[in-house]
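Read left to right, the sequence shown gives residues 0 to 243 (numbering that gives the first Met the number 0).
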Amino acid sequence: MQEKSLLQAERKEVAAMFAASMAHDLNNLLMSLYGLAEGLKEVENGDETLVTMRKAFEKGMENVSQLARRVAASAKQGLPEKEDDVHLQDEVARLIALVRKHPDLIRCEIRHEGALDAVLRINTMLFDEAVVNLLVNAGQAAGAGGRILLRVLDRGETVTLEVHDSGPGVPPEQMDAIFQPCFTSKPEGNGLGLLAVKAFANACGGEVTVARSELGGALFVIRMPKKGVMPAPLAAGAAARATV
Numbered sequence: 000m001q002e003k004s005l006l007q008a009e010r011k012e013v014a015a016m017f018a019a020s021m022a023h024d025l026n027n028l029l030m031s032l033y034g035l036a037e038g039l040k041e042v043e044n045g046d047e048t049l050v051t052m053r054k055a056f057e058k059g060m061e062n063v064s065q066l067a068r069r070v071a072a073s074a075k076q077g078l079p080e081k082e083d084d085v086h087l088q089d090e091v092a093r094l095i096a097l098v099r100k101h102p103d104l105i106r107c108e109i110r111h112e113g114a115l116d117a118v119l120r121i122n123t124m125l126f127d128e129a130v131v132n133l134l135v136n137a138g139q140a141a142g143a144g145g146r147i148l149l150r151v152l153d154r155g156e157t158v159t160l161e162v163h164d165s166g167p168g169v170p171p172e173q174m175d176a177i178f179q180p181c182f183t184s185k186p187e188g189n190g191l192g193l194l195a196v197k198a199f200a201n202a203c204g205g206e207v208t209v210a211r212s213e214l215g216g217a218l219f220v221i222r223m224p225k226k227g228v229m230p231a232p233l234a235a236g237a238a239a240r241a242t243v
């Protein structure tokens with residue numbers, strides 16, 4: 000019981016750290032975007048199309064601002080325990096559509112396959128943040144013309160989500176460090192993306208690992224228990240894919 004309580008406390012600490020960092024970065028980004036919106040007003044000259052686009056832009060920023068406030072509150076109080084029944088087919092398709100226009104993904108080939116009819120009871124906000132970060136990281140690694148594969152496998156007691164890319168992969172000497180807070184190998188990085196992935200894995204009672212992908216680059220694997228408790232280690236087939 001004591002070990003379980005300590006594990007729960009660790010999960011909340013990691014999740015709260017991620018939430019505080021994300022809220023801070025969102026607010027910094029919003030300050031720049033609000034300045035850009037003000038600049039747009041100066042060049043509209045009554046053009047209805049530009050006015051409509053600027054208002055839609057401002058509405059989107061307000062939605063992000065509200066999200067930042069909710070995330071900041073979560074950091075103070077601990078992330079909400081609320082979980083939803085998530086249909087992976089719908090959620091994965093929605094997330095891929097969301098990120099396809101991202102500058103780091105727009106020239107990549109993105110495929111998804113596997114047991115997408117699986118349903119999991121998870122924290123949707125953390126799941127979405129984890130998957131988006133993995134996809135964006137994959138796009139940055141693969142580069143223009145690169146390939147990304149998102150695969151979902153139903154393994155009975157667990158559901159496994161794999162994100163593959165055709166980039167250079169993660170150097171073996173970095174594999175133990177990349178999930179640490181603020182670790183980054185990118186000059187412009189802040190080390191928060193994979194912290195978000197770890198926060199989700201911890202929150203759902205699962206685990207996240209990194210290995211070499213069949214596409215030649217990195218393979219990130221999130222194992223999610225269906226009943227909140229992790230079973231025995233990876234099955235032989237999954238273990239083979241997890242070998243660098």
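Each residue gets a CB set at the ideal place from its N, CA and C atoms; glycine is no exception.
Runs of the alpha helix (DSSP H) spanning 4 or more residues and lying entirely within the stretch 116–182 occur at 123–141, in chain order.
Note on geometry: alpha-carbon atoms of Leu119 and Ala129 lie some 15 Å from one another.
The continuous stretches of beta strand (DSSP E) do not include Glu43, and DSSP gives it neither H nor E.
The C-beta of Lys100 has fewer than 16 other C-beta atoms within 10 Å across all chains shown, which makes the residue exposed. When Ser212, Gly215 and Leu134 are compared, the shortest CA-CA separation from Ala96 is found for Leu134. Each of Met52, Leu125 and Arg68 was checked against the Cα of Met223, and the nearest Cα belongs to Leu125. Residue burial is scored here from C-beta neighbours: Asp175 has fewer than 16 other C-beta atoms within 10 angstroms and is therefore classed as exposed. With a cutoff of 8 Å on beta-carbon distance, Gly216 and Gly155 are scored as not near each other. Note on Leu35: under 16 other CB atoms within 10 angstroms of its CB, so exposed under the neighbour-count rule. DSSP places Leu214 in no beta strand (DSSP E); its state is neither H nor E. At the C-beta level, Asn122 and Ala202 come within 8 Å of one another.
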